[in-house]
Structures are given as structure tokens and as C-alpha cells.
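Below is one structure, written out as C-alpha cells, with a few remarks after it.
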Amino acid sequence: MTNHWIDIKNADVIMIIGSNAAENHPISIKWVEEARRNGAVLISVDPRFTRTSALADIYAPLRSGTDIAFIGGLINYVLENELYHKEYVAEYTNASFLINPDFGFENGLFVGYDPNKRKYDKSAWSYQTDADGIPLEDKTLQDPNTVFQHLKRHYARYDLDTVSAITGTPKEVLEKVYSTYASTGQPGKAGTIMYAMGATQHTYGTQNVRSYAILQLLLGNIGVAGGGINALRGLHNVQGSTDMCLLFHILPGYLKTPIEADETLAAHLERVTPRTNDPKSVNWWKNYPKYMVSLLKAWWGDAATPENDFAFHYLPRNSANYSHIALFEAMYRGDIKGFIVLGQNPAVGGPNSNMERKAMENLDWLVVIDLWETETAAFWKRPDVDPASIQTEVFLLPAASYVEREGSVTNSGRWIQWRYKAVDPIGDAKEDLWIVNQIMRRLRDLYATQGGAFPDPIVNLTWDYGDGLPDAEQIAREISGTALVDLKDKEGNVIVKAGQQVKNFTQLRDDGSTACGNWLYNYYTQEGNLAKRRDTVDRSGIGLYSNWGWCWPVNRRIIYNRASVHPVTGEPWDKEHPVIRWDPVAKKWIGDVPDGGTPPNTIHPFIMKPEGHARIFGLGLADGPFPEHYEPWESPVPNLLSGTQNNPAFKIWASEMDYKGEADKYPIIATTYRITEHMQAGAMTRNLPWLVEAMPELFVEMSPELAEEKGIRNGDKVVVETARGSVTGVALVTPRFRPFQVNGRMLHQIGVPWHWGYMGISTGDSANVLTPHVGDANTMIPEFKAFLCDVRKAV
Amino acid sequence: MKVSRRDFLKLSGAAAGSLLLPGGAALAVREAPQFPLRKKVGEVTTICTYCAVGCGQVVATVGGKVVNIEGDPDHPINRGALCSKGAASLQIINNPRRLTKVLYRAPGATDWEEKDWDWALDRIAQRIKETRDAHWISTGESGKPVNRTEAIAFVGGSQNTNEECYLWVKALRAMGLVYIEHQARI
Amino acid sequence: MGKVAMLIDTSKCTGCRGCQVACKEWNDLPATTTTNWGSYENPPDLSASTWTRISFHEVADDRGVRWLFFKEGCLHCTEAACVEVCPTAALQYHEMGFVSLDEDRCNGCGYCVEFCPFQIPRLEINPLTGQGKAYKCTLCQDRVTNDLIPACAKTCPANAIQFGDREAMVTMAQKRVEELKAIGYTNAVVYGDKELGGLGRIYVLTERPSVYGLPENPQVPALTRLWQKGIQPFGYAAVGLTLLGLGFNWVVQRRVARAAEAEEEG
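One line per chain: the protein sequences are Y, Z and U, in this order.
Residue 1157 is where the first sequence starts when you use my numbering, and the numbers rise one by one after that.
Residue -3 is where the second sequence starts when you use my numbering, and the numbers rise one by one after that.
Residue 99 is where the third sequence starts when you use my numbering, and the numbers rise one by one after that.
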């Protein structure tokens, strides 16, 4: 989230799209309701009429996978009717930038596409620059090469009729949503977008989110109270685990995992550290070397010296994409021998889960750390397999629950909050810190005594957590950053003594004098553990609660907040809900921690981009600088907007279990989702009697029209089948599901929650046996949200 | 007031029922009963373990056992509220289905066997080392160093604290893993 | 001590069922075994171990589709049939304005079950002892008499359940209904402000009460008054031994029937 949960109350219009917040983030509704009490309008855009839709002032149905058409139409509406925030767009976004004249777009493809490689040459997707490399601008936005004019041309095709024909949303509903949401383009008004996996789980999921971001930028809704682009994250610490970068492509604090070409630290830093000659651009990532060297010092301590590139060669190099789908494809091929699973359950949660379960049979060994015997832990005795034929050695380690250990977790609004331990772990269950410590200490001893392949990164690892339970606060200090020698300012005054905690990342250095496990997380300072703060008083007037817990970065509660004020005066656009405000007498900013403390009109507000401006024209994406509508990998209809049916840049896998379904055999659209009473792959809820009582069985939601066509009555058992597998569930025949009128054709859509599996109190088929093993072109997030199936009454 | 036959039967039953009571109890005792709290309301603060709203909870314990988990009324986001999942949190802790022993399944075995931690941890470390050593990649196709193993994969972390995630990522990268993924991707 | 009440604003309820579970958590009520019967709604009815639950109602008409969520449970009548007929004073009017239930005093006669105009209390027969007990929402009588609000009201994410001074709740409900009418909910109505002397549970409804299964005009069964004002003062003799056999029969039959139902619900 650019903003945070409480801030939703400051919105004038709330659009929940690609999210079912009332069901999956129920407490968010407390703040949605607070906004509505103050007159805000709630819009729910969803293929299904959900518990969120039930609450909404406006419900807009759209066919799964057509967000870009839906939002593209809204962008077009805003541009055509000149409802955008003109000053904001001209000053704070790259709308005024001139694009390389070689850039172009035709028939659904941007310039530079290579169909054989399914990749773009992106060299023409670039700015025109002056001799210093600073982008050329036309602040009037009239030059045909400006981003703004390109944007206008691109979305002029997304007229109401076309959009309605693609999305199946009635035109009058589109107009209602468009006029309501576009009203937030007025300076001083704020609209927020709350989204989740409904946006991301598509082969063009990144571009779905980009479309929201572009809209928000046009309306001046980023950086302001009640605005933002707000990813509602699913698990209690999925934000923290992302920030700590348990992901193949990044290291803690979103540093880049080195690639094969990065032979030296210098080569790596040269490749990834952005540069600018624009004096008004803060270009925050210019500090990358400080963060990377501080990470290397935190990990390898005295073994990381300037002479050995701070042990940069200890870091493994990537040569490919190792994301979830690729991981299971490799496992299916037999390339992966050992697998460690920490509180995750891919046998239920992974796409094409029949394939992922089968892939696990190739493992020599599997370690599962969990509270429960999950489907993943029990994959070798799943229904219809012979355990004797599976040679995998499996370790199932009992973990401590969340009240049996302490530590910090980060919510979706980037708030880091401390959990205290209430009781000891039950039975032989152990804290995760204890488990990883024990494994690593044993591994280090093995390498120290026996040697082996490249033992250096293991034996030299800073791993001084004792032989018992590591102290979570010691680790918090390591993450937050420590001075290794006395740190001095330019005048030679000591600002941080050796051994003390740094105040924040601005004190980190690239000369090896600081160690910091994650530059973004400076929550343990000389003041103590800031995640423990519990100040219930809000001094901001807009619900920032700045002294409750701590928030990354630097306790800034609303990021990009320098865009919430007038560029020259520093006066907030919205005087009733000021995030920050320049006090010309005191010569400082009042309110939230500003994105840069210098006076107004001195810096560009989007400090994480080298050009300092938010990107309406996106650089560096795999599949284009503007979101373009494509159909899901499996779709019953041709793309009405171009001859390019699918996103041209996502990877198509070709193992013998990667089946694609065609509309002649599978004419019905299906989507998967979660419900309030269950969590993700279900182990945390299908083992709890109260929740099982409330939601006991897998169900399949469908319209009365489809049910009639198929001879299905409410409560019947039905079979849903795709090219990859089938599930049996209870039919919920409901008027909340409606067929879509798509370009004159009636298309049916069904919905299947994905929480079930073969373990737990409540067992049932996993919806993910239905889903395909394809993912987004940029992130490789699987396309769980739109695929093809058929439905029949079970016999 | 009209009394139907059905009502009359009901009434008779009611009257007769009272006659079945032990002596004295039938007299309607009207002094207000006292209702002591069924259980403690907690003092240990934590954050709910379901979605990423990050609601505060208060955990009550008696004799080392959790007896009640409810919303933290001081928490600025949830103000004491919890959804059905959060409200059910007690059943995560005191749940007979929780794992309480290290379980091991030998290759080809049809069931788990209980093991002690030392045995399991030693064996896991040994297996990591064997696999890492046997599948170590020093240089890539370009001839440049890559120092990794592609034979061990890791997934998970969103159910963990920041400190746990950090320690795991530090350990895994030191081991040379590149297949490191978690719930954020799916 | 002033009278308290619970206000349930159905226009705000999201059907998350935090209340349903929080009630079970606080009151140590076990889960029952359920099946999906073609609805999100479960358990399918109130029971001895489900004192409140959300019923789900789908309405589709020319105004489009609506999905209504309704919190069921004891309405804490000011003129409560259950209290009037309870022979053991297990059910009582609490001075704070709710109907308290003292399990220890309940003899399982089941009259409350029979007479409640809202069909709220449920009788459970202990299969070993044969002893019955009636159960219903007590408004978390232990919490509210110890300065805590009911577990369901506390847990509600959407502020759909409010708890406090009854007059304030009524005022809030009336104001909310006016707001709802102004934005097009023409059927919006307050329920419980006046019914049965005023209920301890007041609803803001967006549709007519019958849509949620509520009686439009609830009445205390006539016999209840007869029992209290007519028969009870006469004492046992007046009822007479002639009725004893008939009455006993009835009670036994009711118990058998209830026990069978309970087993089916399992």
C-alpha cells in the first residue's frame, strides 16, 4: 500500500477492484465505513457479486480478466472529458516527457517485438533527452511525442461501446463508475483503489496494476490522504517476507540478486545503480552501493573486506528465472533434489497442483516446517498414489504458533508491529528461529570439519546467535543497521559511535563501516525497538498514528507525499486532509515524514525514479509501456481490440502436464478466490472446528441460467473440469452470478474457492488442480483468476 | 384474551412442569444472579496471524495456557474488532491437530515415525550438504563464477516474523540457493 | 443503572461472521458438524451451541441483486414471554435491560422454547442424564455486568453491532433509517424500538422484517399473561392434579422430540 488501512477513511471515492476486501480483509471495512459516514462512495468492480459488492453503492460486474479494458475506458473518459488533475499531471508525472520517435504501437504490439523469442527489444521505449541525459519535456502536453499524447491515442480506442463489449459491463454502469471515480481528479478530492490478487493473478497482472496507477496519477491521487494504490496483501507477514526478499530475484530491501554478468561488485553496482544529471532529482537508488555493502558486512562481517569486494562473490548468481512456476517445472524435470517448505503449502496453493504434487515425487528429501500436517507434507500419501513408489525422505518439523514466539510482522500498510510471546510452544514444537539456527550451526560445523563445495560463505557467515533460541531483538538490531566504527560527519564529529545502532539508512556507508541487514527496516535504533511503540494518540488529524509501531521507509506513513502539495507553495491540494504542509516561517514540513525534507520546488516528488517523476509511460516492463487489453491464456472470445490474442511476452511452459484448454471443449470461464472463513491453502482454518462449521465444504458458484442449462439445482454436487483436472463441489446457484453479454454472446462464468485439500478436518478437492501453469509476463504470478472449464452435475 | 386449545395444552404443561421441580425451586427466585466473567481478557499483545491488515489482539493465559484471544481495543486499526478467522484464533493454539513431535517418513514408507530433534536436524544438515556438494555450480555458461546450487529449493516465509525471514534468507543465500520463493509470488 | 441495548445495523453488516465465532469463543460453545446446503450460511439454525449466527438472504428484483446478512439471536424483550413462563427463574429480566439466563437454575422444561415469539431459545438434553437445559444469547451477561461489551459487538469489523445506552441506540437507529431512506432504501425501518415493550436488541433493517424471518408484529402469546397473572398466583393446587398427567406427558414428548432433532443436527 502507498497509504495504509486507516487512511481509507480520508477517501471521497473508494474503488475496490480485483479485491474482495469485505471477505478477505474484513477490518478494512471499518475504515471504508468511516469514509462513507463522511459521504464517500463505494464502488465494487468484480466478476462476482461478493460480500463487498453487497455493501457497495455501485456494483460493476466485469468478465474475469478484463480490468485493462475497464480501466482503459476510464482513462479514456478522464482524458476525453479533461477531468485529470492538470497541474499534478504536468509537474509530477512523465506525461510531459518526449518519447523516442521510433516508439510505436500497432495491432496490439508495441514496437520491437520478436515473436520467436516472445520478447521485446525495448530500446525504443525511451525518453528523448538533452545532452546531459535529462528527459526533454513539453509542459503544455501538446507535442505529439509527449507521453500524454501517446496515452490519449492509445486509450482513444477504449470507448464505452468497445469496453462494454469486452468486459460485459453494461454501458450505463460503466458511465456511472467512470463519472463517479473521475470526480476525484478535482484538486482536493481523493479516490483510492484497493486491489489484491484479482488484479495480479493474470498473464498481464502487472499491467492491470499499472492501469490503476496510471489512472491514479491522472487524477492526482498518489501521495495524498485517502488516495494511493493499495495492494491488500493476503498473509499477516507477506509484506515483511517480501521486504526481506524470500524471492529469487531480490535481496533484503529490494536489492538485486547478482546475475552471472556481475563478475565484480563494481560491475554489479554499475549495472544496477541508476544515475541522473537532473539537479532536482533525488534519485534515491543512487545510494544502492551503501545498502549492498552494508548487507554484505552484516552477512560476512570481518570476512567482507574492501580487498575481496566485501565477499560479493559469496552471493549466488542468477542465470535464469527461478520463480515459483519455474521452480516446479524444474522439480518436475527432476532437477531439484531437496526442498525446504516453511509454512507454505504448494500442494494446494500452487497452480496446476496435480503437476506440482507429481513434481514432488522426484525429490530425494523434503523438509516441512509447520503447525499442521499439510497436504505438502503428506503428498506421498495423497489419494490415489502408492506411498511405496515414492522414494522421498520427508521431515515434518513441528513449529511454534504465533503466540508461542516473539518478533515483528509488517502489515499491508508497511507498519512493523511487535508480537510478544504469551506461552511456551506446545509439545516438542520449536520456534522457527531455533530451527534455522540449529540447521545452520550444524551445516557450518559439517563444512568446517569436512570441507565441501565452496564452504567459505557458510563457514564465514556471521552467525552468532548462540546455541539456544536466538534473540529476536538481536536480529532486529542486525537488520536495522549498526556502526562498525565511529561514524563521523563531514566536519569530523562523531555522529554514531562504533557498536551503536544507526538512526536510519541515511547513515549507512559503502566503505564497510556500517552493517545493515535490510536498509529499509531501521526499526531498532538507539531509542530501542520502535516496533513496540503503542502511542494511541493521532496527532496528524488524518489517522497516521505515527508513534504506533514503526513504518518503512523512515516511518513515512504515506509515500510519495511530496506530491500531495502544490509544487511551488508546498500548500496541500486537500486542505482538510493535509499529509504534509510547508511552514514558510519555521522553514520545515509539518505532518508526515516528507519524501525529502528540502523546501518546495527544490526536488521532484517521485524520488525512487531517476527522473523523479511518476511513470505514466512505464520503462523496462516486459510487455509494454502502456497497459493493453489481451485475453487470458484460456479465453472463449477473440480479442476485440487487436489481432494479438494474448499478452505476447509471458512464458509458455511445455512439460507434458502443461495442458491448455480450448473453448470448444471448455466454454465456461472459471475463477478462483478466497472466502472470509478460510485462509489460503486452508491448513490454518480447515483444522479449526469453528471455521469448518461456518464453511464446511468446497462449493461452486454459478448463475441460475447456467444451472438451468446444465440441469443443476442448488445444493447438487457438481463436477468442474478443465484441461488439467477436475473437482467436485456443492453447487451454489445464485442470482449473484450473472452471465456476461460479451460482444453479443452470452458467456457463463463460475467461481471456485481454492482453500480445500486432502488433509485437515474439512477435506475436499483443490481448485488449483484446475488452474494453468502460466504466469504474468513480469512477475510470473500464475493466472489463477481466469481460465476455461466445463461444469456438469455429478453422478 | 383468547386461549386456543393448543395454547391451553402448552399452559398445562407449563404449570405441570413447575410441579415436577424439587421443593422450593419452583418458587420464582427473583433476586438478580451474579455473573462472574467466564474467562480472563488478555494482557499479552500480539498481531493476528491471518491477513495483512495487522489487527491487534490481546492474549489471556492461565497457568501457561492460552484461554482467550480477542481484539486489542487500543489498536488504532481494528479497535478491538476481529473477523471470523481472527475471532477463532484460540483454536489455532489449543488444537489437538497441532504437530507436537518431529515426524519422519523414510523413503517408500507408508507412515510417519516419531523422531527426536537432534536426529532430524543432524540428518537434514547432512542431506543439505550432500545435495549442495553434489550439485554445486561454480561457473555459468559464460565462464563467469555463479557459486550456486539449483538442486535445493525453498518456499515459504509469509507465516513468519521479519526476524525469521531475515535469518532464513541469510542462511539460504549463504548456502548458495537461487530457488528461493514464497507466498508473495502466488 | 440505565438500560442497555444492542443495535444491529444490517445495512453495515458484511456477513463476515466474526460475531458468530466470537460468541462461541467467549461462551465456550463447540462447533457442530455441518454440510454445505447450497448457501454460505452455516450452521443452519440456532442451537444449544450456536447462540447467534448470520443468516444470508439473496433478493433479486427490478432493483438488482441484494445480499442481506442478518444476525440472529435473543432479542431481549422488555415483555419477555420466556421470563414470564420460566418456572425456575433461570430466565430473568436483568435491571440493565436484557434477559439473563442462569444455567444452573434451568430445569429444562422447555417453556421458553415454546413461548418465545421469535423462536430463539433451544433446549439441549444431556444424553447421559436426560437433563435438559435451555440456551440462548445472554447478551454476554458476564461481560456486560463486568464493564465489558458483548463479544459479538466488540468483534464486529463493520461497526454493524453497537452496544450501549438503550435510548442512545434507539436514537442512532432512527437517525440511520432516515439516512438510508434518503439514499433510496425506501423500506428501511427500525425494529425493536417499540416491539414487545421495546427490545434489548434493535435492528436497522433495509427491507421489511419478514424478509429476514422476523415477525412483522410480534406478540407475547396470550397464554403467557394468563400463566403469570392468572394461574401462577393460585398456586399449584388450583392447576390441579387433573392436569398433571396431561402436562407431564406433554413435557416428556417435547423432550423426546427435541433430543431427536438435536441428534440430527449432530
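Note that beta-carbon positions come from the ideal geometry of N, C-alpha and C, so glycine has one too.
Everything numeric in this text was worked out from a predicted model, so none of it was measured.
C-beta atoms of residue i and residue j nearer than 8 Å
i	j	result
residue 201 of chain U	residue 231 of chain U	yes
residue 1825 of chain Y	residue 1219 of chain Y	yes
residue 1720 of chain Y	residue 1746 of chain Y	no
residue 1882 of chain Y	residue 1889 of chain Y	no
residue 1160 of chain Y	residue 1570 of chain Y	yes
residue 1166 of chain Y	residue 1829 of chain Y	no
residue 1178 of chain Y	residue 1208 of chain Y	yes
residue 1382 of chain Y	residue 1163 of chain Y	yes
residue 1339 of chain Y	residue 1330 of chain Y	no
residue 366 of chain U	residue 299 of chain U	This structure gives no information on residue 366 of chain U, because the portion of chain U shown stretches from 99 to 364.
residue 1225 of chain Y	residue 1322 of chain Y	yes
Supposed close pair residue i, residue j - CB separation, criterion 8 Å
i	j	result
residue 1415 of chain Y	residue 1464 of chain Y	Incorrect: roughly 20 Å between the Cβ atoms, too far for contact.
residue 114 of chain U	residue 1832 of chain Y	5 Å
residue 148 of chain Z	residue 173 of chain Z	6 Å
residue 1944 of chain Y	residue 1878 of chain Y	7 Å
residue 1379 of chain Y	residue 1718 of chain Y	7 Å
residue 1291 of chain Y	residue 1253 of chain Y	5 Å
residue 1772 of chain Y	residue 1325 of chain Y	Not confirmed; about 24 Å, so no contact.
Whole-angstrom distance between residue j and residue i, CA atom to CA atom
i	j	result
residue 275 of chain U	residue 288 of chain U	7 Å
residue 1604 of chain Y	residue 1359 of chain Y	46 Å
residue 1548 of chain Y	residue 131 of chain U	36 Å
residue 112 of chain Z	residue 1919 of chain Y	30 Å
residue 267 of chain U	residue 1530 of chain Y	47 Å
residue 18 of chain Z	residue 1857 of chain Y	Per-residue confidence for residue 18 of chain Z stands at a pLDDT of 36, beneath the threshold of 50, marking its modelled position as unreliable; the derived number appears in the next sentence. Approximately 55 Å, taken between the alpha carbons.
residue 349 of chain U	residue 208 of chain U	The predicted position of residue 349 of chain U is uncertain, since its pLDDT is 48 and thus under 50; a value taken from the coordinates is nonetheless stated next. The alpha-carbon atoms of residue 349 of chain U and residue 208 of chain U are separated by roughly 8 Å.
residue 1852 of chain Y	residue 1281 of chain Y	51 Å
residue 132 of chain Z	residue 143 of chain Z	7 Å
residue 145 of chain Z	residue 128 of chain Z	6 Å
residue 5 of chain Z	residue 320 of chain U	Residue placement at residue 5 of chain Z cannot be trusted, given a pLDDT of 36 that sits under 50; what the coordinates show is reported in the next sentence. If you take the alpha carbons of residue 5 of chain Z and residue 320 of chain U, they lie about 13 Å apart.
residue 22 of chain Z	residue 206 of chain U	Because residue 22 of chain Z carries a pLDDT of 40, less than 50, the predicted location of this residue cannot be relied on, and no value is offered for it.
Proximal chain Y residues relative to residue i, where beta-carbon distance stays under 8 Å
i	result
residue 116 of chain U	1182
residue 97 of chain Z	1554, 1583, 1584
residue 158 of chain U	1891
residue 140 of chain U	1849, 1850, 1851, 1852
Interface residues of chain U facing residue i [CB-CB closer than 8 Å]
i	result
residue 66 of chain Z	120, 123, 124, 249, 252, 253
residue 1210 of chain Y	112, 113, 164, 165, 166, 167
residue 1845 of chain Y	128, 129
residue 47 of chain Z	Near residue 47 of chain Z there are no residues of chain U at all, since even the closest Cβ is about 11 Å away, more than 8 Å.
Partners in chain Y for residue i, counting only beta-carbon separations shorter than 7 Å
i	result
residue 163 of chain U	1205, 1891, 1892
residue 33 of chain Z	Residues of chain Y passing the Cβ test: none, with the nearest at roughly 19 Å.
residue 90 of chain U	Any answer about residue 90 of chain U is impossible in this case: the structure gives chain U only from 99 up to 364.
Residue i: contacting residues in chain Z (beta-carbon distance under 9 Å)
i	result
residue 1672 of chain Y	Correct list: empty, because the minimum Cβ distance to chain Z is about 11 Å.
Chain Z residues whose Cβ lies nearer than 7 Å to that of residue i
i	result
residue 200 of chain U	29
Chain Z contact residues for residue i, given Cβ-Cβ distances below 8 Å
i	result
residue 1610 of chain Y	132, 134, 143, 172
Proximal residues of chain Y, C-beta to C-beta of residue i below 9 Å
i	result
residue 58 of chain Z	Ordered by position in chain Y, no residue passes the 9 Å Cβ test against residue 58 of chain Z, which lies about 10 Å from the chain.
residue 185 of chain Z	Here chain Z has residues from -3 to 182 only, and residue 185 of chain Z is not among them.
Chain-ordered neighbours of residue i on chain U, where CB pairs are closer than 9 Å
i	result
residue 62 of chain Z	By Cβ distance, chain U contributes nothing, its closest Cβ being about 11 Å from residue 62 of chain Z, past 9 Å.
Contact set between residue i and chain U, taken where Cβ atoms lie within less than 7 Å
i	result
residue 52 of chain Z	Those within 7 Å of residue 52 of chain Z in chain U number zero; the least Cβ separation is about 13 Å.
Could you tell me whether the region 1908 to 1928 of chain Y touches the region 1832 to 1844 of chain Y, using the rule of 3 or more Cβ pairs below 8 Å?
-> Enough Cβ pairs lie closer than 8 Å, so yes.
Looking at C-beta atoms only, is the number of pairs between the region 83 to 96 of chain Z and the region 116 to 126 of chain U that lie closer than 8 Å three or more?
-> Remark: three or more beta-carbon pairs, one from each stretch, lie closer than 8 Å, so the region 83 to 96 of chain Z and the region 116 to 126 of chain U are flagged as touching.
Say whether the region 1444 to 1464 of chain Y touches the region 1665 to 1681 of chain Y, bearing in mind that this needs 3 or more beta-carbon pairs closer than 8 Å, one atom from each stretch.
-> Short answer: they touch.
The region 1381 to 1397 of chain Y in contact with the region 157 to 167 of chain Z per 3-pair CB rule at 8 Å = Touching, per the Cβ criterion.
Looking at C-beta atoms only, is the number of pairs between the region 1526 to 1545 of chain Y and the region 1496 to 1515 of chain Y that lie closer than 8 Å three or more?
-> Touching, yes, given that three or more Cβ pairs across the two stretches are closer than 8 Å.
Do three or more CB pairs link the region 65 to 78 of chain Z to the region 224 to 241 of chain U at distances below 8 Å?
-> For the pair of segments examined, the region 65 to 78 of chain Z was found not to touch the region 224 to 241 of chain U: the number of CB pairs separated by less than 8 Å stays below three.
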